[in-house]
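Mapping of the sequence shown onto our numbering: residues 13 to 904, in sequence order.
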Amino acid sequence: MSIRNLDHLMRPASVAVIGASDRAGSVGATVWANLRGGGFAGPVWPVNRRHDRVGGQPAFARVADLPAVPELALICTPAASVPGLIAELGAAGCRAAVVLSNGLDAAGADGAPLRAAMLAAARPYLLRILGPNCVGLLVPSIGLNASFAPAAALPGRLAFVAQSGALVTAVLDWAGERRIGFSCFISIGDGSDIDFGDLLDYLAADPQTDAILLYAESVRQARKFMSAARGAARAKPTLIVKAGRSREAARAAFSHTGALAGADLVVDAALRRAGMLRVHTTAELFDAVTLLGHRARARGPRLAILTNGGGPGVMATDALGAGGGTLAELAPATIAQLGALLPASWSGANPVDIIGDAPVDRYVAALRILLAAAEVDAVLLIHAPTAIVGSAAIAAAVLPLITEGARAVYCCWMGGASVAAARALFDEAGVAWFDTPEAAVSGHLQLSNYRSCQALLMQVPAASELPAPDRDAARALVAALPPGAVGDADTKALLALYGIAVATTRVVTDTPSALVAARAIGYPVALKLVSPDVTHKSDVGGVALNLASDAAVGAALDAMAARLRQLRPQARISGYAVQAMVRRGDAIELIAGIGNDPVFGPVVLFGQGGVAVEATADQSVGLPPLNRVLAADLISRTRVARLLAGFRHRPPADLDAIADVLIGLGQMAADLPALVELDINPLLADADGVIALDARMRLSPVAAGTDALTRLAILPYPRQLERHVDSAAGPLCLRPIRPEDAPAHVAFFGHLSAQDIHMRMFGAVAALSPAQLARFTQIDYAREMAFIATRERAGGGSETIGVARVAVDPDNISGEFAIVVRSDLKGCGLGGLLFDCLLDYCRQRGLQLLKGLTLVDNAAMQALARSRGFMVVPCGDGMVEMSLPLGALVPG
């Protein structure tokens, strides 16, 4: 399920409270009082088996006794009664319920958990359940307070969704004091049915919501969550506080990668990939509520600080630096303008100290200059109270500049009673304010980080020049290996099939075979111990380097065996790896690998490598699949990235080669379901490229027919949907669109006539914006599909000549399609080829209905739809709707 029947929850016409009560302090009494006192205009009915009246209103003994079927039911009764009530409500026609009861983990009379019985009772009726064990929900715009929260919510444009009931009530109380309003306030409790994914889908399309804030303690159904989160984050600002930053997932890991890819690193990677902003503390949460509630928006990271005291300015600068922010460097012209205005003792730079005796006009003039400066993205105005000028006068004077300006202004009113009037003026105007410089800077950093996450979503990766991996050979290699730990030689063989350069290595069992291998490889060589009982070879002297002769190899092998007998007498020796000695003096040791998260599935890890990899703790994690943009971001989020950029005599490393390794690892994670952990450590990187010196992996048993894609939180490019056809336009490849197709998509748009653009986009569009281009080419294959028709160009490369796309509703019931072909290639049958490809796909994924809209005068599209069995019906405003139940027979 997803958004089915959520309108009954969020916009009910009537509400019943089952378990409504007059008993003071009870949940039923509180919910009933809140509902009646919230101003909800529809009928509200109390249900109570023991009393004829509740709150002076007639009560009903059973759901069947109600005068009409409630659109929303609030259940406040003991846990044991909940499954029966849900069944009764569903049979009556109710389609949404809030279960505030707790204790549903207990077993019912039949021994089954009450929670499972509740869900089973709801399923036949598609009755949606919020909770159990939740505080409820509030929708202030319709006066709905369906909760036992101690305070009401003000109407606004911010949606807040949380698992923690205590946090819900705390934020609600705090926001009321700050005059921050909400489109809805939702406590999901245990989230047994309605979860974050469902609510993200709903709120992303909710016209009453401008921004979404989540508090999550756990995430289930990773792919559903990621799809919904990516869709919501593209539609509107979406922030999340994810609690539970433990590393429990790292315990008992086989590889460095498994140990390092702790739960919190993976959560960070998932939320960043979704385009959401993660905040970590309650203070940051409140800062986020402040800014989102008042819609402050920074257009970039460069912050100017305007203050009437040097100390607060320094505090803000320190906080900005500690958070990795950017202090705006004022241009000479800006400094000259400020110098002409301010006393000679002003700071002369950013922070701009306008001195403690600043009158109102000085605040206004200085703020106007900074807001007009091209080098400033946002301004922090700090006021410490003085006896010279009242804070209220300053607030009244600067508010018009703040509310009418294009740049964000964060105001910090330091103090207490002396600045209360200024704060009240800002509250009345709906403008955010902060108590401290640090809190204001934190808010700015959050918005800057959010902008960078959004920018990552909009970037277009360069077309990959990587050769296709030999997937068949890779699957055969993995299938031939037993589950468990796999050593260096086999792991490197797998890496090589994905185009990753590896050091030549041969595994031997004794001295004679070691000498044969060393001579074949060529001196000098390295010798390394192979033992299933030794995790780190260097701990037992299991690595010998720069061996230049037979004698050196023989001596090193004997010494290695002797040391192991002394240090780990129980350890087994499987053999020895003889490896070509790689001499790259400027190379940097890296680690790259694959780990497996219990929630988000396979992840790719990158960071500084070597023997001290755990101690350096310099790693970042990304969710596959990866492309050049995502791999570059993965690299940039480590400290070692600064070394890779070059320093002193060392030239920059080949970052594209490193990115290609990470992309290859992401492909392996998608292709090989048995592969659960893999390490490359060290991966040497320098200006000449990369080479893997040591590698190992772990395989797990895989059930027959298991699809590797079921483990992935994000679906990779579905190459199995590619098809090659002949057409009047020449040989074509019909395939799903990729982010790398963006340049070809721009060229394709340039070949469309103004009339065809009008037919497709229902208006005049001169060119695709970066956001539109990203939206058209960077699709979520779990939610939508776009097939493009491509053909080879005479001068090399390929071009896009047609597109058919379908957007699928979150419940996978219906889809909306659109088709457009290049204007100069009409009449070649491209529309029909793309349409048939799209219809096959929609049937394959189980859609029940396909529909689309087109203009009344688009006769060609209507004729194409009719030829495939669609019903074409006028629907007003110069539009017609085309619809086809996908079970219907299509005329031949």
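For every residue, glycine included, the Cβ atom is placed at its ideal position computed from N, Cα and C.
Just so we're clear, the structure is a prediction, and the values are computed from it rather than from any experiment.
Cβ-Cβ separation, residue j to residue i (assumed contact under 8 Å), whole Å
i	j	result
L579	V552	5 Å
G605	L690	5 Å
A725	R284	Not confirmed; about 13 Å, so no contact.
A118	L126	6 Å
V29	G40	7 Å
P136	G102	7 Å
8 Å Cβ cutoff met for residue i and residue j
i	j	result
V818	L850	yes
Y422	F438	no
P728	A682	yes
D185	A134	no
G325	D365	yes
P95	G115	no
A32	W44	yes
R140	R107	yes
V546	G554	yes
Y588	V514	no
L150	C88	no
N870	M771	yes
Q620	R651	yes
L303	L97	no
S789	D836	In the sequence on display, residue 789 carries Thr and not Ser. Not closer than 8 Å, so no.
R380	R311	no
S14	D792	no
L527	D562	yes
Coil, strand or helix - residue i by DSSP
i	result
T802	strand
S14	coil
G888	strand
Y510	coil
M327	helix
P903	Interpretation of P903 is limited by its pLDDT of 38, a score under 50 that renders its predicted location unreliable; no figure is taken from the coordinates.
N320	coil
C840	coil
R263	With a pLDDT of 44 at R263, under the threshold of 50, the modelled position of this residue cannot be trusted; read the value that follows with caution. The answer is coil: DSSP assigns R263 none of H, G, I, E or B.
E341	coil
Y214	helix
C465	helix
C88	coil
T517	strand
S33	coil
H456	helix
A504	In the sequence as presented, Ala is not what sits at residue 504; that position holds Lys. K504 falls in the helix class under three-state DSSP.
R834	coil
Any non-hydrogen atom of the ligand GTP within 7 Å of residue i CB
i	result
F446	Questions concerning the ligand GTP fall outside what the structure shown contains, since it holds no ligand whatsoever.
Buried versus exposed call for residue i [16 or more other C-beta atoms within 10 Å across all chains shown]
i	result
A429	exposed
F52	buried
F905	Past the boundaries of the shown model lies residue 905; the chain is included only from 13 to 904, so the question cannot be answered.
D330	exposed
E450	buried
Q992	Not covered by the structure: residue 992. The range shown for the chain is 13 to 904.
M883	exposed
M891	exposed
T503	buried
E229	exposed
P782	exposed
I400	exposed
R263	Here R263 scores only 44 on pLDDT, less than 50, and its place in the model should not be relied on; the value that follows carries that caveat. Exposed, since its Cβ has fewer than 16 Cβ neighbours within 10 Å.
S113	buried
R577	exposed
A491	exposed
I982	Because the chain here runs from 13 to 904, residue 982 falls outside it and cannot be looked at.
L901	Residue placement at L901 is flagged as unreliable, the pLDDT there being 40, under the threshold of 50; a coordinate-derived value is accordingly withheld.
Test: residue i CB closer than 8 Å to a CB of chain D
i	result
G201	Here chain D cannot be found, since the structure has a single protein chain.
3-residue-minimum beta strand (DSSP E) runs that sit fully inside the stretch 730–779, ordered along the chain: 735–737, 744–748
3-residue-minimum beta strand (DSSP E) runs that sit fully inside the stretch 529–609, ordered along the chain: 537–542, 555–559, 587–592, 600–609
In chain order, which beta strand (DSSP E) runs of at least 3 residues are fully inside the stretch 401–454? 420–425
Identify every run of the alpha helix (DSSP H) within the stretch 667–735, keeping only runs that are complete inside it and at least 4 residues long; order them along the chain. 667–683
Any chance you could list the beta strand (DSSP E) runs of at least 3 consecutive residues sitting entirely within the stretch 93–145, in chain order? 108–111, 140–142
Only counting runs of 3 or more residues, tell me where the beta strand (DSSP E) segments fall wholly within the stretch 171–211, in order along the chain. 193–199
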